[in-house]
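In my numbering, the protein residues as written are 1 to 80.
Cβ atoms here follow ideal geometry from the backbone N, Cα and C, with glycine treated the same way.
Since we're looking at a predicted model, the values are computed, not measured.
What follows is the structure, encoded as structure tokens:
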């Protein structure tokens, strides 16, 4: 299966900009953990509900959408 993660940031114009993509091939989710920081601790005021997701995969491709560059690694095609 394939997992595609699209990363967004706030652009200089103040809009949401899709700037980066991570694509995982032959991927599966191996763990999901929920994280809730102690909301009574003022030091954690900026934290919200977080989720940690762990994957295994055969191939990963990173694409910087703004610059048009990409790179990848495939466990079945090692660099020699």
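CB-CB length for residue i against residue j, believed under 8 Å
i, j, result
"residue 32", "residue 51", "6 Å"
"residue 9", "residue 17", "6 Å"
Bridge partner(s) assigned by DSSP for residue i
i, result
"residue 6", "21"
"residue 53", "32"
"residue 68", "In the DSSP output, where bridge partners are listed per residue, residue 68 has none listed."
"residue 61", "23, 72"
Residue i, buried or exposed, once every other Cβ within 10 Å from all chains shown has been counted against 16
i, result
"residue 15", "exposed"
"residue 69", "exposed"
"residue 63", "buried"
Closest Cα partner of residue i within the set the options
i, options, result
"residue 49", "12, 57, 38, 55", "38"
CA-to-CA distance, residue j to residue i, given in whole angstroms
i, j, result
"residue 20", "residue 71", "12 Å"
"residue 74", "residue 34", "30 Å"
"residue 55", "residue 77", "19 Å"
"residue 80", "residue 13", "44 Å"
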